[in-house]
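Below is one structure, written out as structure tokens; comments come after it.
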Amino acid sequence: MSSWWCVIHGYNNPKINDAMIKQIKKFSHVMFGGFTHEPAVTLAKKLIEITPKKLKKVFFSDSGSVSIEVAMKFAIQYWYAKGSPSKKISYCKEWLSWRYLLCDVSK
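Numbering (this note's numbering), first residue to last: 1224 to 1330.
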């Protein structure tokens, strides 16, 4: 929470500090590198409940860049499993200052 994203609430905001202290006493670090924890399991079950029935799996990532990387790898693995291993992500293009990544899967 030390980044500039939360500065709108002021530096050293007592409410934010108190919430952070309360949270760190419950669960200090969130990283999914091959591990999980009860809040993630609970959230995953809830997501499966409220999404279409054919969606039965949940993947959590630690950051936006990791989520993009994993989504690209999932796409490649999907086509490989479907018998089209020649389909690859052919290019990625950053979308100006918005920092979105546009990718195309080739034939």
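Ideal Cβ positions, reconstructed from N, Cα and C, are used throughout, including at glycine. Small disclaimer: the values here were computed from a predicted structure and weren't measured.
Short of 6 Å in beta carbon distance, which residues of its chain neighbour residue i, apart from the five on each side in sequence? Order them along the chain.
i, result
"Leu1270", "Val1281"
Quick one: Cα of residue i to Cα of residue j, how far?
i, j, result
"Ala1298", "Ala1304", "10 Å"
"Glu1261", "Phe1255", "12 Å"
"Lys1245", "Ser1307", "50 Å"
"Ile1291", "Tyr1301", "15 Å"
"Lys1249", "Ser1309", "47 Å"
"Ala1294", "Val1253", "20 Å"
"Leu1278", "Ser1288", "23 Å"
"Glu1272", "Thr1259", "19 Å"
"Ile1239", "Ile1247", "12 Å"
"Pro1275", "Asn1235", "42 Å"
"Gly1257", "Val1264", "13 Å"
"Gly1233", "Ser1286", "24 Å"
"Pro1237", "Ile1231", "14 Å"
Excluding the 5 residues flanking residue i on each side, which residues of the same chain have their C-beta closer than 8 Å to its C-beta?
i, result
"Ser1284", "Phe1255, Ser1290 and Val1293"
"Lys1296", "none"
Taking residue i as part of the alpha helix (DSSP H), name the residues at either end of that continuous run.
i, result
"Lys1296", "Gly1287 to Ala1304"
(request) Taking only runs that begin and end inside the region 1234-1266, name each unbroken alpha helix (DSSP H) of 4 or more residues, in chain order. (result) 1237-1249
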